[in-house]
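A.B. asks: This is the structure I have questions about; it appears just below.
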Amino acid sequence: MNDLAQVIEEYLEAHTTPMDEVLESLYRETYLHQMNPRMVAGPVQGKFLQLLCSMLQPNRVLEIGAFTGFSAICLARGLSPHGRLTTIEANEEYETVIRKYLAKANLADRVELVIGDAKSVIPSLTGTFDLVYLDADKANYPTYYDLLIDKIRPGGWLLADNVLWDGKVLNDRAKERDTQAIRAFNEIVQRDPRMDNVILPLRDGMMLARRLSSS
Numbered sequence: 000m001n002d003l004a005q006v007i008e009e010y011l012e013a014h015t016t017p018m019d020e021v022l023e024s025l026y027r028e029t030y031l032h033q034m035n036p037r038m039v040a041g042p043v044q045g046k047f048l049q050l051l052c053s054m055l056q057p058n059r060v061l062e063i064g065a066f067t068g069f070s071a072i073c074l075a076r077g078l079s080p081h082g083r084l085t086t087i088e089a090n091e092e093y094e095t096v097i098r099k100y101l102a103k104a105n106l107a108d109r110v111e112l113v114i115g116d117a118k119s120v121i122p123s124l125t126g127t128f129d130l131v132y133l134d135a136d137k138a139n140y141p142t143y144y145d146l147l148i149d150k151i152r153p154g155g156w157l158l159a160d161n162v163l164w165d166g167k168v169l170n171d172r173a174k175e176r177d178t179q180a181i182r183a184f185n186e187i188v189q190r191d192p193r194m195d196n197v198i199l200p201l202r203d204g205m206m207l208a209r210r211l212s213s214s
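See the structure below:
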């Protein structure tokens, strides 16, 4: 991150409603005990997720990639009064911390945590979702899209993180698998007539897309 980006991030955090005690504790624990702690959503992105859900008031939300559970808490706090979140995490090592903080946030009864490979779990899920949040392994973003598109109800929303990938998506000659996959994902969504979409320059880029039809 360059100096200007760092200053802007600090400014954004200073002008965003601060994390409560639960999220602050989880954020700190993630940075102290986990590898690649930057994968955690953080205060600005977390508040965006919470506010977006609060506006949409979804009944069913699906998250692909929970990490330590920060984003799950933020999403669940914006659910409709009887809404539920299903979150899928491939790494079983995160289960204990996820469950601990869901309990601390009084959300354990509103969040279903599934430990497993999302590519196998997604086809087994019944019904459709009002909002799907994708923040898992980047190399499989196009695959996830194929699996998820029919899980999003008409009028429902898809939110995908890291779609700018530190600006690497600008390089059309990139050889890195993750970069190629994210570039492909962005193009797939852009060309899909069923979707109305925009990329937001929030943190590492956020794709927000609305499903227009069931065709």
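All residue numbers for the sequence shown refer to numbering that gives the first Met the number 0, where the first residue is 0 and numbers rise by one.
Heads up, the beta-carbon is just placed ideally off N, CA and C, and yes, glycines get one too.
Considering only their Cβ atoms, is the gap separating Y132 from I187 smaller than 9 angstroms?
C.D. replies: no
A.B. asks: Do I181 and W156 come within 9 angstroms of each other at the CB atom, strictly closer than that value?
C.D. replies: W156 is not a Cβ neighbour of I181, given a cutoff of 9 angstroms.
A.B. asks: Here's the rule: buried if 16 or more other CB atoms are within 10 angstroms of the residue's CB, otherwise exposed. What is N161?
C.D. replies: Classification of N161: buried, given that the 10 Å Cβ count is 16 or more.
A.B. asks: Have a look at G64, V120, K118, K46 and flag the residue whose alpha-carbon is nearest the alpha-carbon of N90.
C.D. replies: Of G64, V120, K118, K46, the smallest CA-CA separation from N90 is found for G64.
A.B. asks: Closest by CA to E175, which one among K137, R193, V197?
C.D. replies: K137
A.B. asks: Taking buried to mean at least 16 other C-beta atoms within 10 Å of its own C-beta, is M34 buried or exposed?
C.D. replies: Looking at its Cβ environment, which holds fewer than 16 other Cβ atoms inside 10 Å, M34 is exposed.
A.B. asks: Do you know how far the Cα of D129 is from the Cα of V113?
C.D. replies: 19 angstroms
A.B. asks: With a threshold of 16 other CB atoms inside 10 Å of the CB of I72, please say whether the residue is buried or exposed.
C.D. replies: buried
A.B. asks: So which of V96, L48, L3 has the shortest CA-CA distance to E28?
C.D. replies: V96
A.B. asks: How would you write the range of the beta strand (DSSP E) that P153 sits in, first residue to last?
C.D. replies: 151 to 160
A.B. asks: Once the 5 residues before and after L11 are set aside, which same chain residues still bring their CB inside 7 angstroms of it?
C.D. replies: V43
A.B. asks: From what residue to what residue does the beta strand (DSSP E) around L112 run?
C.D. replies: 110 to 114
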